[in-house]
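K.L.:
According to the working numbering, the residues represented by the sequence shown are 92 to 350, in order. Sharing a structure here in structure tokens format.
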Amino acid sequence: MASSFKPEQSRVPPALPLPAPPLTKFKIALCQLLVTADKERNIAHARKAIQEAAEKGAKLVLLPEIWNSPYSNDSFPVYAEDINAGGDASPSTAMLSELARTSEDHNSWWLYSGAMWGSVIHLFDIDIPGKITFKESKTLTAGETPTIVDTEVGRIGIGICYDIRFQELAILYAARGAHLLCYPGAFNMTTGPLHWELLQRARAADNQLYVATCSPARDVGAGYVAWGHSTLVGPFGEVLATTEDAEDIIISEIDYSLD
């Protein structure tokens with residue numbers, strides 16, 4: 092009797108039918124914004140950035156992680172919104188929804204810090220004696236489900252900040268047919284220069300996908316100082332566009348036909 096075990100087949104998983112993106116070439120905007128303690132100002136500032144990006148032809152607009160609030164455990168509960176309630180209970184998402192309704196001429200897709208689309212899966216907890224202590228788990232709850240969104244510009248896998256350190260999540264997104272990985276994030280002045288670009292290029296090269304990141308602009312007077320350097324990386328691990336540390340909006344082109 093022939094054995095049913097065929098190790099040569101187990102090493103080669105069946106090919107997945109990957110969806111073709113509706114658009115093969117489009118412009119993406121990375122809006123590296125300076126975030127203040129004034130929530131109303133932050134929302135108005137983000138609105139202006141999105142409108143500017145759309146007017147310049149961007150089909151996908153990426154905002155920073157925590158773009159409407161200072162980055163601190165004390166601020167998170169104060170600035171939190173009830174997304175399901177909408178309206179005055181969620182002014183940030185109300186602004187984004189209004190722009191989506193009124194900006195049909197630009198035919199743009201809005202993608203922001205992730206709260207509306209999904210939850211960060213890996214929380215950033217760090218305690219280095221004498222240097223830095225920060226635990227997101229004090230106020231945030233980790234998500235359980237990877238988030239993939241089908242849009243006019245293709246299938247997007249979404250991670251938030253610390254998620255970019257875990258190649259398994261990116262591999263899962265690639266296996267599920269993602270065309271692009273987006274990571275809003277706020278690496279700090281220690282991890283930023285060491286790992287921010289390295290991880291983006293690794294995730295892109297590992298999976299032969301475009302990787303886009305968006306950070307808040309650097310504010311040296313803030314309690315948490317972001318590294319900045321929002322970046323678009325190509326499928327071969329090459330940096331296609333990047334900012335420095337100051338507030339900036341960069342618009343670059345993604346062309347899936349070159350993958």
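For every residue, glycine included, the Cβ atom is placed at its ideal position computed from N, Cα and C. Values in this document were obtained by computation on a predicted structure and should not be read as measured data.
Does DSSP classify residue 141 as helix, strand or coil?
P.N.:
Reduced to three states, the DSSP call for residue 141 is helix.
K.L.:
Apply the 10 Å Cβ neighbour rule to residue 312 and answer buried if 16 or more other Cβ atoms are within range, or exposed otherwise.
P.N.:
Exposed is the call here.
K.L.:
If you follow the beta strand (DSSP E) that residue 246 is in, where does it begin and where does it stop?
P.N.:
245-249 is the span of the beta strand (DSSP E), which, as asked, contains residue 246.
K.L.:
Specify the secondary structure class of residue 360 as computed by DSSP and reduced to three states.
P.N.:
The structure shown does not extend to residue 360, since the chain spans only 92 to 350, so no value can be given for it.
K.L.:
Smallest Cα separation from residue 148: which of 347, 349, 343?
P.N.:
Checking every option, the nearest Cα to that of residue 148 belongs to 343.
K.L.:
In three-state terms, what does DSSP make of residue 193?
P.N.:
Residue 193 falls in the helix class under three-state DSSP.
K.L.:
Taking all protein chains shown into account, do 16 or more other C-beta atoms lie within 10 angstroms of the C-beta of residue 165, making it buried, or fewer, making it exposed?
P.N.:
Answer is exposed; the Cβ neighbour count stays below 16.
K.L.:
Just the C-alpha distance for residue 322 and residue 268, rounded to the nearest angstrom, thanks.
P.N.:
In a straight line, the C-alpha of residue 322 is about 22 Å away from that of residue 268.
K.L.:
Distance check for residue 191 and residue 240, CA to CA, integer angstroms please.
P.N.:
Rounded to the nearest angstrom, the two C-alpha atoms are 16 Å apart.
K.L.:
With DSSP as the reference, label residue 295 as helix, strand or coil.
P.N.:
Residue 295 falls in the helix class under three-state DSSP.
K.L.:
Quick check on this structure: which residue in 324, 247, 138 has the alpha carbon closest to the alpha carbon of residue 287?
P.N.:
When only C-alpha atoms are compared, the closest one is 324.
K.L.:
Please report how far the alpha carbon of residue 279 lies from the alpha carbon of residue 188, in whole angstroms.
P.N.:
Rounded to whole angstroms, residue 279 to residue 188 spans 30 Å at the Cα level.
K.L.:
Would residue 134 and residue 175 be called neighbours here (beta carbons separated by less than 8 Å)?
P.N.:
No, they are not a contact pair.
K.L.:
With residue 341 and residue 121 assumed to form a contact (beta carbons below 8 Å), what rounded beta-carbon distance in angstroms separates them?
P.N.:
Right, the Cβ-Cβ distance comes to about 5 Å (below 8 Å), so this counts as a contact.
K.L.:
In three-state DSSP terms, what is residue 339?
P.N.:
Strand at residue 339.
K.L.:
Short check: CB of residue 275 to CB of residue 124, under 8 Å?
P.N.:
No.
K.L.:
Cutting at 6 Å between CB atoms, please list the residues of its own chain near residue 332, excluding the five before and the five after it.
P.N.:
Result list for residue 332: 323, 341, 343, in chain order.
K.L.:
Start and end of the beta strand (DSSP E) containing residue 121?
P.N.:
Looking at the DSSP string, the run of the beta strand (DSSP E) that includes residue 121 is 116-123.
K.L.:
My output table needs one value for residue 208: the three-state DSSP class, helix, strand or coil.
P.N.:
In this predicted model, residue 208 has a pLDDT of only 48, less than 50, meaning its place in the structure is not dependable; the value taken from the coordinates is given anyway. Coil at residue 208, not helix or strand.
K.L.:
Counting C-beta neighbours from all protein chains within 10 Å, is the total for residue 348 16 or more, i.e. buried, or is it exposed?
P.N.:
Exposed.
K.L.:
Which residues does DSSP pair with residue 344 in a beta bridge?
P.N.:
Paired residue(s): 118.
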